[in-house]
Every structure is written in structure tokens, then in C-alpha cells.
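The sequence shown begins at 278 in the numbering used here and counts up by one. Backbone N, C-alpha and C fix where the C-beta goes; we use that ideal spot for every residue, glycine too. Predicted, not measured: the structure shown is a model, and the values here were computed from it.
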Amino acid sequence: MKFLFKLIVLPILSIIAIPAILLAVMYKPVEIPTEDFSEVVAVSLTDMVKENVDSFLTDNDVDSTVGVSIAQADANGLILNQLRTINPEYLLDGASDDDLNYVMKEEYYGLQGAWVRFEDNTIEIEAGAHVFVSTFTYKTRILISFEVLIDTEEVVLKLDKLNIGNLPLAWSFSAASWITEQVTGESLKGIIDNQLNGLASFDPTAREIRVSVDSLLDQSIEDEQQRAMIASLLAFIEENELLDIGFSDGEFGVDLALGKTKDATAPFELNPVDQIVDDADLQSILASKASAMIFSTLSGDSPTPFIDLDDFTLNRMFEYFMRANQTTPGVLIESPLFEDYTMRAFVPYITMNNDFIVNIPLVIEDNIDPLKSFQTIIKISATPEVSGSDLRIVLNELVAGEVTLTEEHITSVLTMLGENDFIVDGAFVIENFDTQMDAAGMGIESVAVVADSLRIYVTLSETIPLQDIQDAVQDVLDAVADNPEYPAELNDAINDVLTEALDPSGDPEAAVEELLTVVEGLSDEEQQELFDDLVTAFGSTDLDFEELFGLLP
């Protein structure tokens, strides 16, 4: 009898016991967390973000942050709003028992609802379900727990728990992947990756879904300039650890120290009347700067003649070369944010003070109230250099407010400015600069930043002795000195140069610098008039202006 019991009865009991045990293990009544669902305000996550952005734009400084904090009750409130799109009377007083207690109820089953719990770096999602068998109600729950890791490069969701009732099933992913591959001929990873459509990748062994922020930007934002602008901001955020994401006291918070990038410096704005009209206008403006070549020949015993371009002239050139990329005057990009706000990137401008800085203003502004705004200026230290006949402005380190960014991110910043012949291989390039100067015969030797000007050194004719050149220039200055049509400060500066050049102990270099300062303060028309007078005066000397400077008047 014992033998028959072992042979027949025990297997039958085991067959009966296994599902019974499973049913017992999976039996898990749950209570709806009504305390999280009480007094729910119908608010969306977008509205939460807008409220925080609006507060930030209204009043911000270097210590200001913008972000959103979602308490467990807030998250459950958002879920409840969605559940009520299925059953409008769910958890409402006065509703029938079925409508009150179930999101949906059919003959054999009922869904109690779903809710979340926030733990340390973990989100638990729980859903309760009832199965009706005659007069008996079988109660269970599904619990999914994710460990959440977020930074500016990727979002990682790691499956920590997958329980039905009290039965843990997270361990079964490896087996599930094998079974899926045997049945369908495709791995579980491949199936899930296809569903994620390139936004993320799934690792069944580690039970992780990794969402690439770059991929998310690529697929969410079609415009390359807008993607580059956001990527640039993310680079500043990541490299300077401006983002704080995590769980604390039952809340999930995202806090961005955007105020650290604040720069309230008034950006340069070009008056429309100062805009360059066309290439002929550009050449005329540049040619008027050539007076400096004449004056600079008197700077010391072995001078190298030069042309000075101040920041105002360079900024006019930047605006002209990038005009085709502008969406509105002065603006390169306009990107909407949450419908109520707009982020704008403006045309770069130059500042110089013994260094060379390319400035790119970025502004976030309320569409209705422009007083609600935030401004930063990406300041890029640059090195001007000569490459053949081109003038190149090579970009180096970036700064925005109190934070910095290494040069490896410059490509994103330049992409933000759009495709343009002015931007080549990570630099601003004025191609064929000697041609732009209407000076094909003039050789550009080198460039340097001197005080608040870009000084371009050029070569003189090597066949003419220096003393002969200086004598001719002094004769020319004598001819134009004390012109009653010139401003008094210009006449004084010309006479000072002549005095210092003739005095063996004089300082002609300082006098020339002062003269150049006065000339830079003249209008384009006054500079052109002076230049024309100098060229005319060369006609009375023994030297030919074109042969001497290679510049066609």
C-alpha cells in the first residue's frame, strides 16, 4: 500500500498542490491608497513645469534654480486623472460600489486601479486586480519596481522586482528570453529594441532599459539647429554638474542650477543703419581702414605696417556674413518651449580687450510678458590667425556665467548657428581676405589682438628702402595736416605724429597709436575722406601708392 501511495497518490497530490500553492502565493489583497487620491487637483506634468519656469523667469539670479518636484501624492493624482478618463466616477463619493472601487469591472474580473510609491532611487508601480469565481473573489496584485538612474547622457531603468502577488518573477527574464527566441526565432532583446525604435536599448541579462538622451533629441527634434542648441545647454549642465535628480522624503525632484549660467551683460545690438549693404559696401568700409597702413610706417625704426579692425567693424561683418541664417533681424534660432516660452540664439558679436571673445547671446522669454526672461551669453575665447589669404578665428574654451565648457563641445555650438560659408572646420573664416580688402597684391603677414582692435600686419614692397617710404609718408601727412574740414582732434593727432617722427628722442609709435584711436572714432564717410586725401597726396611724392602698399585706391 505504501508503494502504491508513493507511486500514484503522491504525484496526484503534487499536481493538485502545485497550482494551489501558486494560487496561495499569488493571493495578495491590496488597499487603494486613498490618502494619495484625496483632494486631487487636475494638473498635468507640463503645467507643473510651466509653473516653475514662470517663477524662474520672473526673478532669477546666479543662485536661482528651475525644476519640478513631484511628490508621491502628486504622481498618484496624475494617474487618477488618467484612470478617470476610463471611469469618471472612480473613487467619487456617491458612486455605485462598482464604479467607486473599480476602474473597470467585467463579469469575471475587476481592475482596482494603479498607483506608485517613491523609495530611494526606486519607483514602485502597483496594480490591484480581482477575479470573480462564483461567490468567491480572488485578490492579487502586480508589483513592478524600477531602480532609476538619470543624468544628461542617459536614463536607466533597471527592473528590480516583478511580482504577482507574493511570487517574484524578475528572475524569469533569462528563461523568458530563451523561450521567446525558440518560439519566435527572435530574441526578447531584439523584439523590445524594435518596439523602442532606437530611443533606448534593452539588456535582458541586466534587466535594464537605457534611454540615450542624444537619440531622444535626434528623434524628438527634427531641426538640427534646435537639437544643437539643446545639446550645447546639456553639455554645460553635465560638465558643471548643474543637474540634481533623485528621490528624497517621498518626492522625485529634478533641479537645474540654470542661474549659474546667467549673464546679464547688455549684448551688442547693431543699428540697422550700420548694417553692411553688399560686398561693395564691405570693401569700401575695409578700404577706409587702410589709412592705418600709411600711418604705421612711422612706428619706430623697423615698422611693420598694419590695418586695425575694431570690434564694431568686425560685428558689422559678422552680421553681414550670417544674415542669410537669421530668422528675424539679429536672431539665428527661435525654439518654442512649452508653448508659452521661446528660446532665442542671437548673431554672435566680438569683444576685445587684449583678448578676442566671440559672444553668443541666448535668451528664454515669456511669449506674452517680455519682462519674464533669462539671459546667458556663451563667451568663446578665440585665436585669430592667418591661413593663406584667409582670416581664421579659431575657437577655444567656452564660458557661460560661472560655468565653463571645453573645446570638444564647440562643434555643437557652431551647428546651433546653422550652415554657413562663414563657418569652416570649427572656426569663423573670412575667405580671401586680401580680396575683400580689394588688395590682391597685398600680402597678409600675421594678426594679433592689440588692446581693443584686431591688428592685421601686412608686407611692404621690398624693393623700396624704408627711409624713402617714411620720407614719402611724412610728406603726405604734411600735405593733409591742418585741413579745416577735419575735426580738431584729427589735425592735432596728425601734427603730433609729425613732431614725434622728426624728434630723434621722440616716441612716434605712441603718437601713431593715438592717431589711430582718433581715426577709429570717425564715421565711415570721414575715414574714407581721409584715406582719399592721403592717396591724392601720394601723387605729389616720388613713390607710387599702389606700388608701395599694393592697395588699389
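Just the C-alpha distance for Met325 and Val433, rounded to the nearest angstrom, thanks.
Your numbering for residue 325 matches position 48 in the sequence shown. Your numbering for residue 433 matches position 156 in the sequence shown. For Met325 and Val433, the distance between alpha carbons rounds to 23 Å.
What is the DSSP secondary structure of Gly527, counted as helix, strand or coil?
Counting from 1 along the sequence shown, the entry for residue 527 is found at position 250. Reduced to three states, the DSSP call for Gly527 is coil.
7 Å Cβ shell around Ile700 - same chain, five flanking residues per side excluded:
As a position in the sequence shown, residue 700 is number 423, starting the count at 1. Leu691, Leu694, listed in sequence order.
In whole angstroms, what is the alpha-carbon distance linking Ala716 and Arg593?
The residue you call residue 716 lines up with position 439 of the sequence shown. The residue you call residue 593 lines up with position 316 of the sequence shown. Because the pLDDT at Ala716 is just 49, under 50, the model does not fix this residue reliably, and the value given afterwards should be weighed accordingly. Using only the alpha carbons, I get a separation of about 20 Å.
From Asp752 to Glu803, what distance separates their C-alpha atoms?
Residue 752 sits at position 475 when you count from the first residue of the sequence shown. Residue 803 sits at position 526 when you count from the first residue of the sequence shown. When rounded, the distance between both Cα atoms is 21 Å.
Over the uninterrupted alpha helix (DSSP H) stretch that includes Val593, give me the two end residues.
Numbered from 1 along the sequence shown, position 316 holds the residue referred to as residue 593. Residue 593 is actually Arg in this sequence, not Val. Per DSSP, Arg593 belongs to the alpha helix (DSSP H) from 588-598.
For Asp521, which beta-bridge partners are listed by DSSP?
Translated into the one-based positions of the sequence shown, residue 521 becomes position 244. DSSP lists Asp532 as the bridge partner or partners of Asp521.
Taking only the alpha-carbon atoms, compute the straight-line gap between Phe545 and Ile657 and give it to the nearest angstrom.
Within the sequence shown, the letter at position 268 stands for residue 545. Within the sequence shown, the letter at position 380 stands for residue 657. Those two C-alpha atoms are separated by around 15 Å.
Let me confirm a value: Phe815 is counted as buried when at least 16 other C-beta atoms fall within 10 Å, else exposed. Which label applies?
As a first step, residue 815 must be located in the sequence shown, where it is residue number 538. It counts as buried.
Just the C-alpha distance for Val608 and Phe623, rounded to the nearest angstrom, thanks.
As a first step, residue 608 must be located in the sequence shown, where it is residue number 331. As a first step, residue 623 must be located in the sequence shown, where it is residue number 346. Whole-angstrom Cα-Cα distance: 4 Å.
For Ala348, the three-state DSSP class (helix, strand or coil)
Counting from one through the sequence shown, the residue named residue 348 turns up at place 71. The answer is strand: DSSP assigns Ala348 an E or B state.
Hey, how far is the Cα of Tyr734 from the Cα of Pro582?
Numbered from 1 along the sequence shown, position 457 holds the residue referred to as residue 734. Numbered from 1 along the sequence shown, position 305 holds the residue referred to as residue 582. The straight-line gap from Cα to Cα measures roughly 6 Å.
In whole angstroms, what separates the C-alpha of Leu360 from that of Leu377?
Translated into the one-based positions of the sequence shown, residue 360 becomes position 83. Translated into the one-based positions of the sequence shown, residue 377 becomes position 100. Per the coordinates, the alpha-carbon of Leu360 lies some 12 Å from the alpha-carbon of Leu377.
Just checking Ala404 against the ligand COA - is the residue's beta carbon closer than 7 Å to any of the ligand's heavy atoms?
This structure lacks the ligand COA, and indeed carries no ligand of any kind.
Check whether the Cβ atoms of Asp532 and Gly344 sit closer than 8 Å, and answer yes or no.
By one-based count along the sequence shown, residue 532 stands at place 255. By one-based count along the sequence shown, residue 344 stands at place 67. Yes.
Tell me the DSSP bridge mates of Arg669?
Counting from 1 along the sequence shown, the entry for residue 669 is found at position 392. Paired residue(s): Glu662, Val706.
Touch test, the region 376-391 against the region 403-412, Cβ-Cβ under 8 Å, three pairs minimum:
Segments in contact, yes.
Residue span of the alpha helix (DSSP H) that contains Ala569, given as start and end:
Position 292 of the sequence shown, counted from the first residue, corresponds to residue 569. Boundaries of the alpha helix (DSSP H) around Ala569: 568-573.
Which residue from Ser411, Glu431, Phe413, Ile400 puts its Cα closest to that of Ile421?
Against the sequence shown, residue 421 aligns to sequence position 144. Selected option, being the one with the closest Cα: Ile400.
In chain order, what residues of the same chain have a beta carbon less than 6 Å from the beta carbon of Glu708, not counting five sequence neighbours either side?
The count along the sequence shown starts at 1 and reaches residue 708 at position 431. Cβ within range, chain order: Asp667.
If you run the structure through DSSP and keep just helix, strand and coil, what is Pro549?
Locating residue 549 in the sequence shown gives position 272, counting from the first residue. When DSSP states are grouped into helix, strand and coil, Pro549 belongs to the helix group.
Tell me whether Asn364 is buried or exposed, calling it buried when 16 or more other Cβ atoms sit within 10 Å of its Cβ.
Taking the first residue of the sequence shown as 1, we reach residue 364 at position 87. By the neighbour-count rule (16 or more Cβ atoms within 10 Å), Asn364 is buried.
Please name the residue in Ile427, Val726, Asn602 whose C-alpha comes closest to that of Ala659.
Position 382 of the sequence shown holds residue 659. Relative to the Cα of Ala659, the nearest Cα in the group Ile427, Val726, Asn602 belongs to Val726.
Is Val774 closer than 8 Å to Ala756 when the C-beta atoms are compared?
By 1-based counting over the sequence shown, the position of residue 756 is 479. By 1-based counting over the sequence shown, the position of residue 774 is 497. No, these two residues do not count as a Cβ contact at 8 Å.
According to DSSP, is Asp336 helix, strand or coil?
Within the sequence shown, the letter at position 59 stands for residue 336. Collapsing the DSSP output to three states places Asp336 in coil.
Which residue from Phe423, Tyr385, Glu430 puts its Cα closest to that of Ser411?
As a position in the sequence shown, residue 411 is number 134, starting the count at 1. Looking at the Cα atoms, Tyr385 is the closest of the given residues.
Member of Val330, Glu766, Ser509 whose CA lies at the smallest distance from the CA of Leu682:
By one-based count along the sequence shown, residue 682 stands at place 405. Leu682 has its Cα closest to that of Ser509, out of Val330, Glu766, Ser509.
Helix, strand or coil: which one does DSSP assign to Ile363?
Within the sequence shown, numbered from 1, the residue matching residue 363 stands at position 86. For Ile363, the secondary structure class from DSSP, reduced to helix, strand or coil, is coil.
Neighbourhood of Met303 by C-beta distance below 8 Å, restricted to the same chain and skipping five residues each side
As a first step, residue 303 must be located in the sequence shown, where it is residue number 26. Excluding residues up to 5 positions away in sequence, Thr417, Ile441, Gly442, Asn443, Leu444 lie with their Cβ nearer than 8 Å to the Cβ of Met303 in the same chain.
Where does the unbroken alpha helix (DSSP H) through Val690 begin, and where does it stop?
As a working note, residue 690 is residue 413 in the sequence shown. Its alpha helix (DSSP H) spans residues 687-693.
Among Ser573, Glu485, Leu820, Thr628, which has the Cα closest to the Cα of Asp784?
Translated into the one-based positions of the sequence shown, residue 784 becomes position 507. Closest by alpha carbon: Ser573.
Drop a sphere of 10 angstroms on the beta-carbon of Pro613, count the other beta-carbons inside from all chains shown, and report buried for 16 or more, exposed for fewer.
Counting from 1 along the sequence shown, the entry for residue 613 is found at position 336. Pro613 is exposed by the Cβ-count criterion.
So, at 8 Å on beta carbons, what are the nonlocal neighbours of Asp397 in its own chain, with the 5 sequence-adjacent residues on each side left out?
Within the sequence shown, numbered from 1, the residue matching residue 397 stands at position 120. So the list reads Phe524, once near-sequence residues are dropped.
Looking only at C-alpha atoms, which of Asp351, Pro306, Ser332 sits nearest to Asp313?
For the purposes of this step, residue 313 is taken as the residue at position 36 of the sequence shown. Checking every option, the nearest Cα to that of Asp313 belongs to Asp351.
Going by alpha carbons, who is nearest to Ile562 out of Glu308, Ser817, Asp336, Leu807?
Taking the sequence shown and counting its residues from 1, the one referred to as residue 562 is at position 285. Ranking Glu308, Ser817, Asp336, Leu807 by Cα distance to Ile562 puts Leu807 first.
Based on DSSP bridge pairs, tell me the residues matched to Asp745.
Your numbering for residue 745 matches position 468 in the sequence shown. For Asp745, which the question treats as bridged, DSSP gives no partner whatsoever.
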